[in-house]
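Offset between the sequence shown (1-based) and our numbering: plus 23. Glycine included, C-beta positions come from ideal geometry on N, C-alpha and C. Because the structure is a prediction, the values reported are computed rather than measured. Some notes on the structure that comes next.
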Amino acid sequence: DELMTWQFVIPAHLRASVSFLHFNVSNCEKKEERVEYYIPGSTTNPEVFRLEDKQPGNMAGNFNLSLQGCDQDAQNPGVLRLQFQVLVQHPQNESNKIYLVDLSNEQALSLTIEPREPRPVKLSRKFVPGCFVCLESRTCTTNLTLTSGS
24 DELMTWQFVI
34 PAHLRASVSF
44 LHFNVSNCEK
54 KEERVEYYIP
64 GSTTNPEVFR
74 LEDKQPGNMA
84 GNFNLSLQGC
94 DQDAQNPGVL
104 RLQFQVLVQH
114 PQNESNKIYL
124 VDLSNEQALS
134 LTIEPREPRP
144 VKLSRKFVPG
154 CFVCLESRTC
164 TTNLTLTSGS
């Protein structure tokens, strides 16, 4: 039932998005492993997510990310591992667009939003900005499918 916390210092004019690249869970007897985000100034602290959940994006400024373990099986504890990525970039105001999509009156219709394929970059360390679709201020993903009735 251990806790590990990372503190990220992000200039307020930049935005951070967290994604989990890979994780392994241990064998829990009690409770479930989870992550918690503490974002200074947020009224919903801490924001709690399961490891399987999409992690928050578009966070302005500093934040803490905590990995909370569980009460492990004494005979076969397993190993909790987490590999994650924090993408920090300037908000792309000129490319941010807001569209209202209302499929509530449609039948048998779905809409998928995906980023365009990036142009191939030769082996370089040049930064390639991420493209995210946000349903709410911090609920973002790289692609999204909306279905009729939603």
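Element boundaries [beta strand (DSSP E), containing residue i]
{"i": "C51", "result": "C51 to K53"}
{"i": "T135", "result": "S133 to I136"}
{"i": "V111", "result": "R104 to Q112"}
{"i": "L167", "result": "L167 to T170"}
{"i": "L26", "result": "L26 to F31"}
{"i": "V58", "result": "R57 to Y61"}
Three-state class that DSSP yields for residue i in the structure shown
{"i": "T67", "result": "coil"}
{"i": "D94", "result": "strand"}
{"i": "L1", "result": "Because residue 1 is not part of the residues shown, which for the chain are 24 to 173, the question remains open."}
{"i": "H36", "result": "coil"}
{"i": "N87", "result": "strand"}
{"i": "V48", "result": "coil"}
Expected contact under 8 Å - CB spacing of residue i and residue j to nearest Å
{"i": "T164", "j": "L126", "result": "With a Cβ gap of about 17 Å, T164 and L126 do not count as contacting."}
{"i": "A39", "j": "V111", "result": "5 Å"}
{"i": "E56", "j": "L74", "result": "6 Å"}
Status (buried if at least 16 other CB within 10 Å, exposed otherwise) for residue i
{"i": "M82", "result": "buried"}
{"i": "K149", "result": "Note that K149 scores 47 on pLDDT, short of 50, meaning its location in the model is unreliable; the coordinates nonetheless yield the value given after this. Classification of K149: exposed, given that the 10 Å Cβ count is below 16."}
{"i": "S147", "result": "Since pLDDT at S147 reaches only 45, below the 50 mark, its modelled position is unreliable, and the value read off the structure follows with that caveat. So S147 counts as exposed."}
{"i": "P114", "result": "exposed"}
{"i": "P63", "result": "exposed"}
{"i": "V58", "result": "buried"}
{"i": "E117", "result": "Only weak support exists for where E117 lies, its pLDDT of 48 falling under 50; the value from the coordinates is given anyway. Exposed is the call here."}
{"i": "V41", "result": "buried"}
Minimum Cβ-Cβ distance from residue i to chain B less than 8 Å
{"i": "V58", "result": "Chain labels in this structure do not include chain B; a single protein chain is all it has."}
### Query
Do the region 33-50 and the region 93-106 meet, that is, are 3 or more Cβ pairs less than 8 Å apart?
yes
query: Do the region 26-41 and the region 84-91 touch if we need at least three Cβ pairs shorter than 8 Å?
result: yes
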